[in-house]
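Colleague: Here it is, the structure in full.
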Amino acid sequence: MIASTPPMGWNSWNTFGPNIDENLILETADALVETGLRDAGYRYLVVDDVWMAPERKNGLLVPDPERFSMGIGPLVQEVHDRGLLFGIYSSAGTHTCEDLPASYGFEQVDADTFAEWEVDFLKYDFCHTAAGADPVALYRRMGQALRATGRDILYSICEWGANQPWEWASSVGAHMWRTTEDIVDSWESVSRLGFELQTDLHPYAGPGHWNDPDMLVVGMHGKGHVGRTGLTDAEYRSHFALWCLLASPLMIGCDVRSMDDATRHLLLDESLIAINQDPLGRQGYRASSHGHTHGETWAKALADGSWAVGIFNRTERPGEFLTVGWELFGLKVDTAATVHNLSTGRIDHGVVASFGTRVDSHDVHVLRITPERT
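For any residue, its number in the numbering used here is found by taking its place in the sequence shown, counting from 1, and adding 152.
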């Protein structure tokens, strides 16, 4: 199965936007290996918009000869040789978002080209489609074209959640679909896309089909193409923890060639990645919001019978004491459980009914709560 767990990797857009070339891609591929990100699961290296030349050649998409002089096929092989998978970009309209040739009317031709290049992932946008165009029909055309190639290509669609793709995207062959507008590197954006727009979407996600609240901005610190105010380290922790609880695809957006230690440590957090990649494939849901007056609790069922629970302090108050009750995620209140606070390392046994912890402003504590056998 393609995407049996949420896809993990890196995408060029958030930091570099249109400023990409083959040297950047090869340096990024090396960095994914050297930093341990590849071995942690980040295997897809996705080249976003502006890889293609301004015009087709003999009806085919071709790479910009100055940016990608070696060609896409050889570049894919270089990426594969590093133990990574290669992703590419197009759009369901006549042109990409940056006004370069896209795939409308050329779906099978382009799918065949991608397969010939041994591409593993297609991000498919919705720019420059006709007014009133049916997204279901357009995305089905490319989904059918990809299947017809006979190659396993992960199909990621991006129409920004405008037409409730969670209700139909899987039926047109997509493995992940954007549920939101584009993310930017600000707490306001992360909060809206993560906390607000993912509510009630958990029934639509599972192995092979995932809701996508957009790429990570962890480690951008206000720099790059979507850089804005940046986030604090605490806010980046909340961002990454929430995406893991949401079983979201984890697509890094920062420059992995120059990560600081805090960014590297967070992106390599084995306990949080394990929650995201849990084989049960459940997306977390908002268990309690307390009217945003205190904190917000998100819960995710795990394959071993335990629960991953994120306790978020969305307020400006530092050191808020926040409590999660067993009833919020279906445990009987008299159940004794082991609570492993993954954020502090503390482990408590025999905890009954509820657990409380003090969480700093805009920060999170992630708990792994395991019922104890009696």
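Where is the CB? At the ideal position from N, CA and C, for every residue including glycine.
I need the boundaries of the alpha helix (DSSP H) containing Glu-472, first residue and last residue.
Modeller: Premise fails: Glu-472 lies in the beta strand (DSSP E), 472-477, not in any alpha helix (DSSP H).
Colleague: Would you kindly report the start and end of the unbroken alpha helix (DSSP H) that includes Leu-527?
Modeller: The displayed coordinates of the chain run from 153 to 526. Any statement about residue 527 would go beyond what the structure contains.
Colleague: Between Val-214, Leu-494 and Thr-415, which has its C-alpha nearest Leu-252's C-alpha?
Modeller: Minimum Cα-Cα distance from Leu-252 among the listed residues Val-214, Leu-494 and Thr-415 corresponds to Val-214.
Colleague: Taking 9 Å as the cut-off, decide whether the C-beta atoms of Arg-379 and Thr-167 are in contact.
Modeller: Note on residue identity: the sequence assigns Gly, not Arg, to residue 379. A contact, by the Cβ cut-off of 9 Å.
Colleague: Go through the region 334-371 residue by residue and report every complete run of the beta strand (DSSP E) that reaches 3 residues or more, in order.
Modeller: 362-364
Colleague: In the DSSP assignment, find the unbroken alpha helix (DSSP H) run with Gly-295 in it and report its ends.
Modeller: Gly-295 -> alpha helix (DSSP H) spans 287-301.
Colleague: Would you report the Cα separation of Ser-343 and Ser-390, rounded to the nearest angstrom?
Modeller: Rounded to whole angstroms, Ser-343 to Ser-390 spans 9 Å at the Cα level.
Colleague: Nearest to Ile-499 by CA position, among Glu-218, Ala-505 and Leu-519, is which residue?
Modeller: Leu-519
Colleague: Determine the extent of the alpha helix (DSSP H) in which Leu-397 is found, giving its start and end residues.
Modeller: First-last of the alpha helix (DSSP H) with Leu-397: 385-397.
Colleague: Cα separation between Ser-458 and Pro-217?
Modeller: 52 Å
Colleague: Check each candidate in Gly-161, Val-461, Met-160 and Phe-266 and name the one with the smallest Cα separation from Ile-224.
Modeller: Phe-266
Colleague: How long is the line joining the alpha carbons of Asp-352 and Ala-451, rounded to whole angstroms?
Modeller: 13 Å
Colleague: Kindly list the residues whose CB is nearer than 6 Å to the CB of Trp-165, restricted to its own chain and excluding five residues on each side of it in sequence; keep chain order.
Modeller: Asp-200
Colleague: Would you check if the distance between the CB atom of Met-160 and the CB atom of Ile-335 is smaller than 9 Å?
Modeller: no
Colleague: Enumerate, from N- to C-terminal direction, the unbroken alpha helix (DSSP H) stretches of 4 or more residues contained entirely within the region 185-227.
Modeller: Counting only runs of 4 or more, we get 189-192.
Colleague: Of the residues Trp-162, Ala-453 and Gly-346, which one's Cα is nearest the Cα of Trp-521?
Modeller: What sits at residue 521 in the sequence shown is Ile, not Trp. Of the listed residues, the one whose Cα sits closest to Ile-521 is Ala-453.
Colleague: Can you find the residues in the same chain that come closer than 6 Å, C-beta to C-beta, to Ser-475, ignoring five residues on each side of it along the sequence?
Modeller: Ser is not the amino acid found at residue 475; the sequence shown has Thr there. Only Ser-506 and Gly-508 meet the Cβ criterion.
Colleague: Over the uninterrupted alpha helix (DSSP H) stretch that includes Leu-424, give me the two end residues.
Modeller: 422-428
Colleague: Looking only at C-alpha atoms, which of Pro-355, Thr-331 and Gly-497 sits nearest to Arg-434?
Modeller: Pro-355
Colleague: Would Leu-298 and Leu-237 be called neighbours here (beta carbons separated by less than 9 Å)?
Modeller: Contact check for Leu-298 against Leu-237 fails: the beta carbons are separated by 9 Å or more.
Colleague: DSSP three-state label for Glu-468, please.
Modeller: coil
Colleague: DSSP state of Asn-166, grouped into three classes?
Modeller: It is helical.
Colleague: Determine the extent of the alpha helix (DSSP H) in which Thr-415 is found, giving its start and end residues.
Modeller: 413-419
Colleague: Can you tell me which of Ile-404, Phe-258 and Trp-269 puts its alpha carbon nearest to the alpha carbon of Asp-337?
Modeller: Ile-404
Colleague: Whole-angstrom Cβ separation of His-517 and Thr-496, contact assumed at under 8 Å?
Modeller: 7 Å
Colleague: Going by CA-CA distance only, name the one from Gly-502, Glu-340 and Asp-512 that's closest to Arg-525.
Modeller: Gly-502
Colleague: Can you tell me the Cα-Cα spacing of His-444 and Asp-233, whole angstroms?
Modeller: Confidence at His-444 is low in this model, with a pLDDT of 49, below 50, so the placement of that residue is unreliable and no value is reported for it.
Colleague: Looking only at its chain, what residues have a beta carbon closer than 8 Å to the beta carbon of Leu-176, apart from the 5 residues adjacent to it on each side?
Modeller: Ser-164 and Phe-168
Colleague: Between Val-202, Gly-436, Val-324 and Glu-270, which lies nearest to Glu-250 when the distance is taken from Cα to Cα?
Modeller: Nearest C-alpha to Glu-250 among Val-202, Gly-436, Val-324 and Glu-270: Val-202.
Colleague: Which term fits Asp-277, buried or exposed, when burial requires 16 or more other beta carbons within 10 angstroms of its beta carbon?
Modeller: Counting every other CB atom within 10 Å of its CB across the protein chains shown gives Asp-277 a total of 16 or more, marking it as buried.
Colleague: Ile-154: which of Glu-259, His-247, Arg-466 and Asp-272 sits nearest, CA to CA?
Modeller: Asp-272
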